[in-house]
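Asker:
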Amino acid sequence: MLVIGSGAAGLGVALRLAGHARVAVLSKGAPDEGATAMAQGGVAAVLDPGDSVEAHVRDTLAAGAGLCHEAVVRHVVERGPEAIRWLLDLGVPFTVEATEDGQVRYHLTREGGHSHRRVIHAADATGRAIERTLLERARAAPDVELLPERVAVDLITAARLGLPGGNRVLGAYVLDRRSGRVEAIGARAVVLATGGASKVYLYTSNPDCATGDGIAMAWRAGCRVANMEFMQFHPTCLYHPQAKSFLITEAVRGEGGRLLLPDGTPFMQRFDPRGELAPRDIVARAIDHEMKRLGIDYVLLDISHKPAEFVRRHFPNVYARCLEFGYDMTREPIPVVPAAHYTCGGVVTDLRARTDLEGLYAVGEVAHTGLHGANRMASNSLLECLVFAQACAEDLRARLEALPPPPALPEWDESRVTDSDEMVVVSHNWDELRRFMWDYVGIVRTTKRLQRAKRRVDLLLAEIEEYYGNFRVTADLLELRNLALVADLIIRSALARRESRGLHYTLDYPQPDDTAPPRDTVLSPPPRPVRAAGAARPVGSQ
53 MLVIGSGAAG LGVALRLAGH ARVAVLSKGA PDEGATAMAQ GGVAAVLDPG
103 DSVEAHVRDT LAAGAGLCHE AVVRHVVERG PEAIRWLLDL GVPFTVEATE
153 DGQVRYHLTR EGGHSHRRVI HAADATGRAI ERTLLERARA APDVELLPER
203 VAVDLITAAR LGLPGGNRVL GAYVLDRRSG RVEAIGARAV VLATGGASKV
253 YLYTSNPDCA TGDGIAMAWR AGCRVANMEF MQFHPTCLYH PQAKSFLITE
303 AVRGEGGRLL LPDGTPFMQR FDPRGELAPR DIVARAIDHE MKRLGIDYVL
353 LDISHKPAEF VRRHFPNVYA RCLEFGYDMT REPIPVVPAA HYTCGGVVTD
403 LRARTDLEGL YAVGEVAHTG LHGANRMASN SLLECLVFAQ ACAEDLRARL
453 EALPPPPALP EWDESRVTDS DEMVVVSHNW DELRRFMWDY VGIVRTTKRL
503 QRAKRRVDLL LAEIEEYYGN FRVTADLLEL RNLALVADLI IRSALARRES
553 RGLHYTLDYP QPDDTAPPRD TVLSPPPRPV RAAGAARPVG SQ
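For the sequence shown, the working numbering gives the first residue as 53, with consecutive numbering after it.
#1: Would a C-beta distance cut-off of 8 Å place Leu535 and Gly232 closer than the cut-off?
#2: Compute the distance between the beta-carbons of Ala115 and Met489, then report whether it is under 8 Å.
#3: Whose CA, out of Tyr225, Ala546, Pro569 and Thr573, lies closest to the CA of Tyr561?
#4: Any idea what DSSP makes of Gly586, helix, strand or coil?
#5: Whole angstroms are fine: how far does the CA of Ser479 sit from the CA of Glu531?
#6: With DSSP as the reference, identify every bridge partner of His556, one or two as the case may be.
#7: Kindly indicate which residue of Glu474, Gly425, Leu63 and Glu551 has the alpha-carbon position closest to the one of Arg184.
#8: Here's a check: name, in chain order, each residue in its chain whose Cβ is nearer than 6 Å to the Cβ of Glu551, leaving out the five neighbours to either side.
#9: Would you identify the three-state DSSP class for Ile339, choosing helix, strand or coil?
#10: Between Arg169 and the rest of its own chain, which residues show a CB-CB distance below 8 Å, the 5 nearest in sequence each way excluded?
#11: Taking a contact to mean a Cβ-Cβ separation below 8 Å, would you say Pro462 touches Leu113 in this structure?
#12: So Cys120 is in the alpha helix (DSSP H); what residue range does that whole segment cover?
#13: Where does Ala73 fall in DSSP's three states?
#14: Return helix, strand or coil for Gly592, following the three-state DSSP convention.
#15: State the Cα-Cα distance for the pair Gly592 and Thr301, rounded to the nearest angstrom.
#16: Let's see if you can read the secondary structure: which residues bound the alpha helix (DSSP H) around Ile136?
#17: Could you check where the beta strand (DSSP E) with Gly238 kicks off and where it finishes?
#18: Between the Cα of Phe282 and the Cα atoms of Arg305, Ala568 and Ala548, which residue gives the shortest distance?
#19: If we count the other Cβ atoms within 10 Å of its Cβ and call it buried at 16 or more, is Phe298 buried or exposed?
#20: Could you have a look at Tyr519 and say whether DSSP puts it in helix, strand or coil?
#21: Measuring only the C-alpha atoms, how far is Ala336 from Ser431?
#22: Does the beta-carbon of Asp380 have 16 or more other beta-carbons within 10 angstroms, so that it is buried, or is it exposed?
#23: Tell me the rounded alpha-carbon separation between Ala330 and Arg486.
#24: In this structure, does DSSP put Gln155 in helix, strand or coil?
#25: Looking at the secondary structure, which residues open and close the beta strand (DSSP E) in which His393 lies?
#26: Express the C-alpha separation of Glu201 and Ala82 in angstroms, rounding to a whole number.
#27: Compare the Cα-Cα distances from Val509 to each of Glu122, Asp540, Arg110 and Leu346 and report the closest residue.
#28: Could you pull the start and end residues of the beta strand (DSSP E) that Cys289 belongs to?
#29: Comparing alpha-carbon positions, which option in Arg180, Ala192 and Gly132 lies nearest Ala66?
#30: Tell me which residue opens and which closes the beta strand (DSSP E) that Leu244 is part of.
#31: Let's test the definition: count the other Cβ atoms within 10 Å of the Cβ of Pro259 and tell me whether it reaches 16, buried, or not, exposed.
#32: DSSP on Val469, reduced to helix/strand/coil?
#33: Can you grab the Cα-Cα spacing for the pair Arg332 / Asp471, in whole Å?
#34: With a CB to CB cut of under 7 Å and the five nearest residues on each side skipped, what residues in its chain are close to Ala241?
#35: Going by C-alpha to C-alpha distance, which of Ser167, Leu139 and Arg157 sits closest to Arg110?
#36: Do the region 381–392 and the region 353–373 touch if we need at least three Cβ pairs shorter than 8 Å?
Rendered as C-alpha cells:
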C-alpha cells in the first residue's frame, strides 16, 4: 500500500493497516512537517454526559450553511468517541483537570459554532501531540516504512498507460528530493492524505507543503472534485512581519477572548449575536469588513482580563510565541488578521474514503466527504481525519485478497528534457498566483474579480505546462503546477455558485439562493488521452 502524506490521516491509515499489509508512507519533507503538527485547538467529540450526538450534529449542520451531508455528519459524530479512545490507547497526552470532588477528567474546551464544551486537547498544541504519538508508533511498526523527502508527481493509472484494467490506480511517480530522480512506486492501492491547498493564497496559517498536490493529482487522473469555492480563512492569525501568519487558536475566544478595534471598541455583536463564538466564516468576514471600513491593518484579540496563570496554563505555546514577538497576552491585546486556513472542498469520496478511481482513496483535508458543507466547524477536521482513516483501513483490509499487485511500471523518461536555467520563472509565477488569488478570490469576492483571476490563471497554466514539458521536474515546479490547477478549480467553482453561502461570499449575489435546495458544486475532469509508456512524461501534463 502507498500512503501519500504523513499527518493524522496518512499515519492513521498506516497504523490501522499495520499487521495486515506492508505500507509505504511518503512525506514531502520530514514526516512531522505537515498541517497536523500545527493544529492547536483539538478534536471535537461527544465526551461529556451533558453533550449529545444530536447537539454535535446540529452544530455541524448549522455551521455548514445547508451543504453538509447529514448522513455523513452523523456517521462521523457517532464515531468520534471511538476515535478519541484509539488516540488515548496509543498514548496521546490530552490535558486533564481536577474536579471539585478530587477526580481527574479530560479538560474539554469550547470553540466557535459549538453549543457545548466538546473539544479535547493537549494544551494548545494538540496536533503536535497527536503527530508525535502517531509517528512514534509508525516508526515502531515493522510493516510501515516512512519515506521522507519524496514529492509525488502524478498517479499512474492503467488507462493512461494503455494497459488492461480500466481506470485503476497502479501507483505513483515520485520525486526523491535528495537525488533529484523520479521513481515509479507501484502499489495495490494508493491513499491520498496530502492535506489542503491554502498556500494558493498569499497569507496562510498552513505549512509550506499545503499546495493541493493530492487534489491536483486526482483531478489529472480522472477524479471529480466538489465545493472548491469554500476556502476557509481562520479569523485570528498573529499580525507581525516575521510571524508567517502564526495561528492564534480559536480556543482563546472560546475561553473568553474578545475581538476589539484598535481603539478598544468591541465589534462582533454587530455582526452576530454569538459574538466571538460565531462560526469562522462570520468572524473572518467581520474582521475583513472592519479592516476595510477603517483602513486598518489588523484588529485586536484580548484575553488579558483573565488571570495570567489561566492564560499561561491553557495556552502555553501561543503565550510563548507571542512573547517572542514582543506581545504579552496576559497584559495586553495582540494584533490579529485572517489568513487562509482550510480547504473545505476536495476529491469526492464516499463513507469508505473511496474515490472515483478503483484503488484510489482520499482521507483528510484532501477529500470532500460532505462533513463540512460550506464552512468547517472548529476542531471537526482532525475528527474527520481519524474517522475516515479507520474507514479507509477497514475497507482495504476487507479487500486485500481482491486487490491485485501492480504490474511492472515504465520508468520516468527524461530523455527529451533538460535542466532549467530559468527558475526565476517558477518563483515569479508562484508569487503572482498567490497574490492575485488573495486579491481577487479571497474572503469577499465579485464576479468581475473572479473573471480577472480566471484570465490570469489560464495564462499561468499554459506557461507552467510548457515549462513542465521541457525541463526536469523540481519540487518547486511540481508545487507550482499543482497550485495553479487548484487555483483554477477554486475560481471555476466560485464562478459557478451564484449566491453567497458559508465561506463563499460575493457582493454580486450577497444572499443565499433559497429558490432551490442547496447543491454541491461538482466539477468533472475532461477525458485524458492515453499516453505511450515511453513518453517523456508518462502520466504527464494536462
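A virtual CB, placed ideally from N, CA and C, is assigned to each residue, including glycine.
Answerer: Walking through what the data contain:
#1: no
#2: no
#3: Ala546
#4: Any reading at Gly586 must be qualified, since the residue scores a pLDDT of 39, below 50, and its modelled position is unreliable; no value is offered.
#5: 11 Å
#6: Arg553
#7: Leu63
#8: Tyr561, Pro564 and Asp565
#9: helix
#10: Asp100, Asp103, Leu160, Thr161 and Arg162
#11: no
#12: Run containing Cys120: none; DSSP gives neither H nor E here.
#13: coil
#14: The pLDDT assigned to Gly592 is 42, lower than 50, so where the model puts this residue is not dependable, and the model offers no usable value.
#15: A caution first: Gly592 carries a pLDDT of 42, below 50, which makes its placement in the model unreliable, though a value can still be read off. The straight-line gap from Cα to Cα measures roughly 40 Å.
#16: Gly132 to Leu142
#17: Val234 to Gly238
#18: Ala548
#19: buried
#20: helix
#21: 17 Å
#22: exposed
#23: 28 Å
#24: coil
#25: Ile386 to Thr395
#26: 6 Å
#27: Asp540
#28: Met283 to Leu290
#29: Ala192
#30: Val242 to Leu244
#31: buried
#32: coil
#33: 45 Å
#34: Met53, Gly411, Tyr413, Leu448 and Leu455
#35: Ser167
#36: yes
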